[in-house]
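FYI, the numbering for the sequence shown is -22 to -1, 1 to 315, going by mature numbering (1 follows the signal peptide of the UniProt record, and there is no 0).
Beta carbons: idealized from backbone N, C-alpha and C, even for Gly.
Read the structure below first, then the notes.
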Amino acid sequence: MKSKLFKSLALGLMVLSLWSCKKEETQTVSNITPAGTLTASSTNLNLVQSNGTQAALTLSFPLSTVTGYVVPVTSTLQFDLKGKNFSTPTEIVLTTGSYAPTVSQFNSMILALGGVVGTPAQVEVRLKSGAAVNDITYSNVVTLNATPYLASAWIYLPGAYQGWEPTTADSLVSLSSNGIYTGMIAFTADNLAFKITPAKKWDGAYGDAGSGNISTSGGDLISPDALVKQVTVDLNKKTIAFGTPNEWSIIGDATPGGWTTDTDMKVTNDGKANFYTIKTNLTVGALKFRFQHDWATNLGGALGTLTTGGDNIAITAAGTYTITLDVAAKKATLVKN
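Put into C-alpha cells, the structure is as follows:
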C-alpha cells in the first residue's frame, strides 16, 4: 500500500514538473525599443500666408522595433506651447517616421494651442511611443520658434436647405484660421440634413460620427430644428455644436409678416455677427429692426444713425429691396432693386 502511495506521489510530481516546463517554454515577451531621437529640419520657422501649402518643417524619428511577441506600437507627436508641460497637447498619430505639416497647418496649430497672432511663440514637440498606457516612453523635446499670422478661412455647409449644391453653400468662418469655424445657417422644415466641406466641392466632406463628432466617413448631419442656428465646427477636435444665434429681423406693416411675424435677416458669416442682409418684397408702410424676435432690443430712426427704440422707418414705394444692417455701426441701407 505504501509503495503504491509513493508511486502516485512520484507520478503527480512528474506531471506537475512537465506542465511547469511546458508553461515556461510557451511564454514569450515583447521587447519594444524606446522612443528614439526626434529631429527637426528647422527650429526657426518663417510662417508666411502666401506659402501656406508649403511644408513648414519636417520632423523625423526612428520607428520603434518589436522583437518577441509582436504587439502594435503607437507613435504620436505631441505639440504644446512652451511652459505648459504638455498638459493639453495637440496630438498627431503617425504610421511613418516623419511628419511635415504645411505652413497653414502649423499656423493653425499654434493658434489652437493659444498662440497670439503677430506674437512670437515657442512650441515644444516630443514623440510619445508605446504599446500600452503603462509602457509609454518619450523622446527628447524639440522647441520650435514661429510667429503666427492672421488668416481668415472658410468651410462650407451644403445641404437640403439650399439644394445640396456645394458651389453655392453657406459658409462658416475662422477669423484667425485656428481650425474653429462658426456662423449662422437658416435651416428650413424638412430640410435639416447637410454636410461640411473644406472647399466648394464634395471632396473631403465631413458627416455625422455621433455624439457631436464628425468624420469623413459619416452620414448626413442633421440640424436639431428648422431655425436659424449658430453652427460651430472644430476641425482640430472633429466636433460640431449648435447654438442660439444673435438673430436680427425686420418687422412692420411694410414687411411680409406685418407687425406680428418677424422676417429673419441673413448674417454675413464674418465671425463677428455684425452684418445682416435680406432681399425681400416690401409694401408701402413702415418697418423696424428687431433682435431675437423681441421688442427689448429694436432699432429705428434714420438709416445712417439708427437708435435703440427709434422711430419707425418709412417705406414710401413698394418693390423688391436689398436691406443691409450693420449692428456695430448702427446703420442700415435699403436699396430698391
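Its Cα nearest to that of Thr160, the residue Val211 stands out among Asn191, Ala131, Val211. The beta carbon of Ala90 sits closer than 8 Å to those of Thr68, Asn156, Gly157, Ile158, Asn214, all from its chain and outside the five residues before and after it, given in chain order. Counting only residues of its own chain and dropping the five nearest sequence neighbours on each side, Ala129 has a CB closer than 6 Å to the CB of Gln27, Ser155.
The C-beta separation of Gly263 from Gly230 comes to about 6 Å, placing the pair in contact by the 8 Å criterion. According to the DSSP assignment, Phe84 belongs to the alpha helix (DSSP H) that extends over 81 to 91.
Around the beta carbon of Ala124, 16 or more other beta carbons lie within 10 angstroms, which makes this residue buried. Around the C-beta of Thr300, fewer than 16 other C-beta atoms lie within 10 Å, and the residue is accordingly described as exposed. Here the C-alpha atom of Asp58 lies approximately 13 Å from the C-alpha atom of Asn85.
The C-alpha of Ala138 lies about 23 Å from the C-alpha of Asn224. Here Leu281 has Ile291, Lys309, Ala310, Thr311, Leu312 as same chain residues with Cβ atoms under 8 Å from its own Cβ, once five neighbours each way along the sequence are excluded. The shortest CA-to-CA distance from Lys216 to any of Ala183, Trp237, Leu205 is the one to Ala183. Apart from the 5 residues on each side of it in sequence, Gln32 sits with its Cβ closer than 8 Å to the Cβ of Thr80, Val81 in its chain, given in chain order. Met162: member of the beta strand (DSSP E) spanning 158 to 164, first to last residue. Put simply, the backbone Cα of Ala177 is about 8 Å away from that of Pro144. With at least 16 other beta carbons inside 10 angstroms of its own, Gly278 counts as buried. DSSP places Glu102 in the uninterrupted beta strand (DSSP E) bounded by 99 to 108. Counted as a single uninterrupted DSSP element, the stretch harbouring Ser42 is not any beta strand (DSSP E), since DSSP gives it neither H nor E. With 16 or more other CB atoms across the displayed protein chains lying within 10 angstroms of its CB, Asp240 is buried. For Ser76, the secondary structure class from DSSP, reduced to helix, strand or coil, is strand. Residue range 253 to 260 is occupied by the beta strand (DSSP E) that includes Lys257.
Burial of Thr175 is indicated by the presence of at least 16 other C-beta atoms within 10 angstroms of its C-beta. The DSSP-derived three-state label of Thr52 is strand.
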